[in-house]
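S.K.: Numbering (my numbering), first residue to last: 1227 to 1339. Starting off with a structure, shown below.
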């Protein structure tokens, strides 16, 4: 079904559908496998994005960060709150790899194995 699309667009669709499954399955491979089935991909295609759960979590935070920054930069955003939001999310963005490095910190505690 998606064989004519680029691998990056398939990856993006797979991540988007996987996020929709997080409420049911958590940040686990089951979320991604369910998305693979929806895209008519082999269930083993989950390895494209799963990366021990970090691929899906990083995608979620990156997407959330972009949305939040766009909102904070919007003219309708309260200007007295904008700097605090931007500082917080810029910090998270700069440290996301460390935060979810399962060998160094709590990131492993929230990732389904």
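We treat Cβ as the ideally placed atom computed from N, Cα and C, and that holds for glycine. In this text, all values refer to a predicted model and were calculated from it rather than measured experimentally.
#1: Taking residue 1294 as the reference, give the member of 1316, 1239, 1283, 1281 with the closest Cα.
#2: Could you give the C-beta distance for residue 1237 and residue 1274, rounded to a whole number, given that I count them as a contact under 8 Å?
#3: Near residue 1302, what residues of its chain come up, given a Cβ to Cβ distance below 7 Å and the 5 sequence neighbours on each side ignored?
#4: To the nearest angstrom, how far is it from the Cα of residue 1248 to the Cα of residue 1254?
#5: Rounded to whole angstroms, what is the Cα-Cα separation between residue 1270 and residue 1258?
#6: In or out: residue 1280 buried (at least 16 other Cβ within 10 Å) or exposed?
M.R.: In this structure, then:
#1: Within the chain shown, residue 1294 is the residue found at index 68, counting from 1. Nearest option by C-alpha distance: 1316.
#2: Taking the first residue of the chain shown as 1, we reach residue 1237 at position 11. Taking the first residue of the chain shown as 1, we reach residue 1274 at position 48. Their Cβ separation, rounded to whole angstroms, is 6 Å, which keeps residue 1237 and residue 1274 in contact under 8 Å.
#3: Numbered from its first residue, the chain shown carries residue 1302 at position 76. If we look at residue 1302 and ignore the five residues flanking it on each side, it has no Cβ neighbours.
#4: Walking along the chain shown from the start, residue 1248 turns up at place 22. Walking along the chain shown from the start, residue 1254 turns up at place 28. The straight-line gap from Cα to Cα measures roughly 8 Å.
#5: Position 44 of the chain shown, counted from the start, is the residue given in the question as residue 1270. Position 32 of the chain shown, counted from the start, is the residue given in the question as residue 1258. Distance between the alpha carbons of residue 1270 and residue 1258 is about 10 Å.
#6: For the purposes of this step, residue 1280 is identified with residue 54 of the chain shown, where counting begins at 1. Residue 1280 should be labelled buried.
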